[in-house]
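Engineer: Have a look at the structure that comes next, please.
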């Protein structure tokens, strides 16, 4: 993937271009009014993308400056410094293969498990942060489902598809914590629980 910038590798603002801008646009498009906005997915951070970011920020009482920095990434369900756990790597910042370990593997496992029952069954246990045989199996299944080569290696193309098709799993969520009880991933958690009949808010 030429010109790949992983989401969270840099603050995003008007005038920038790249795959991370394209993913940001996809995330904003995934949300309904009044949180999200329908914008072109072209990888160019223009005035409409800036307006959509400001709208998202305003909905969650963030500084509506149109710049996607650590706090805005946090509310998009993406942890970057200073919110990363000690020694943690931003999800998407390195290739993950069997034997990898760390926070980003934990995110991978959670994102897969929260997306489809088949992936959760393939993983066989809660996320532990170690890329074992079961994790590779779940990754291969995901790659097959989204039309990628099923090599079990999580590189740029697989990370892109994970952000495109998975909605949550990037952080702990907790009631009563401003940094853990609202945002993109909370919206999708509530929607999922509502579909199952467990949430009526």
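In this note's numbering, the protein residues as written are 1458 to 1658. Here a beta-carbon is modelled for each residue, glycine too, at the ideal position from N, C-alpha and C. Keep in mind that this is a model prediction, so the values were computed, not measured.
(1) Would residue 1465 and residue 1500 be called neighbours here (beta carbons separated by less than 9 Å)?
(2) Which residue spans inside the stretch 1472–1505 form an unbroken alpha helix (DSSP H) run of at least 4?
(3) DSSP beta-bridge partners for residue 1525?
(4) Using only CA atoms, which one of 1565, 1587 and 1592 lies nearest to residue 1578?
(5) Relative to the C-alpha of residue 1522, which residue among 1507, 1530 and 1516 is closest?
(6) Using the Cα positions of residue 1572 and residue 1627, report the straight-line distance between them to the nearest angstrom.
(7) From residue 1461 to residue 1604, what does the alpha carbon distance come to, in whole angstroms?
(8) Can you tell me whether DSSP reads residue 1540 as helix, strand or coil?
(9) For residue 1624, is the classification buried or exposed, using 16 other Cβ atoms within 10 angstroms of its Cβ as the cut-off for buried?
(10) So, helix, strand or coil for residue 1656, using DSSP?
(11) Are three or more beta carbon pairs between the stretch 1548–1563 and the stretch 1578–1587 nearer than 8 Å?
(12) Let me know the secondary structure DSSP gives residue 1553 once reduced to three states.
(13) So what does residue 1611 bridge to, in DSSP terms?
(14) Please state the DSSP three-state secondary structure of residue 1463.
Structural biologist: So, from the listed chains and residues:
(1) By 1-based counting over the chain shown, the position of residue 1465 is 8. By 1-based counting over the chain shown, the position of residue 1500 is 43. Not a contact, by the Cβ cut-off of 9 Å.
(2) 1476–1487
(3) The residue given as residue 1525 occupies position 68 in the chain shown. For residue 1525, which the question treats as bridged, DSSP gives the partners 1469.
(4) Working through the chain shown from its first residue, we reach residue 1578 at position 121. If we check each option's Cα against that of residue 1578, 1592 comes out closest.
(5) Your numbering for residue 1522 matches position 65 in the chain shown. The shortest C-alpha to C-alpha distance from residue 1522 to any of 1507, 1530 and 1516 is the one to 1507.
(6) Locating residue 1572 in the chain shown gives position 115, where the first residue counts as 1. Locating residue 1627 in the chain shown gives position 170, where the first residue counts as 1. Each residue's alpha carbon lies about 12 Å from the other.
(7) On the chain shown, position 4 is the one that residue 1461 refers to. On the chain shown, position 147 is the one that residue 1604 refers to. Spanning the two alpha carbons is a distance of roughly 19 Å.
(8) As a working note, residue 1540 is residue 83 in the chain shown. DSSP places residue 1540 in the coil class of the three-state scheme, outside both helix and strand.
(9) Counting from one through the chain shown, the residue named residue 1624 turns up at place 167. Buried.
(10) Sequence index remark: in the chain shown, residue 1656 carries index 199 (1-based). In the structure shown, residue 1656 sits in coil (DSSP, three-state: anything other than H, G, I, E or B).
(11) yes
(12) Start at 1 with the first residue of the chain shown, and residue 1553 comes out as number 96. Strand, per DSSP.
(13) Sequence index remark: in the chain shown, residue 1611 carries index 154 (1-based). The partner list for residue 1611 (beta bridge, DSSP) reads 1553.
(14) Taking the chain shown and counting its residues from 1, one reaches residue 1463 at position 6. Coil, per DSSP.
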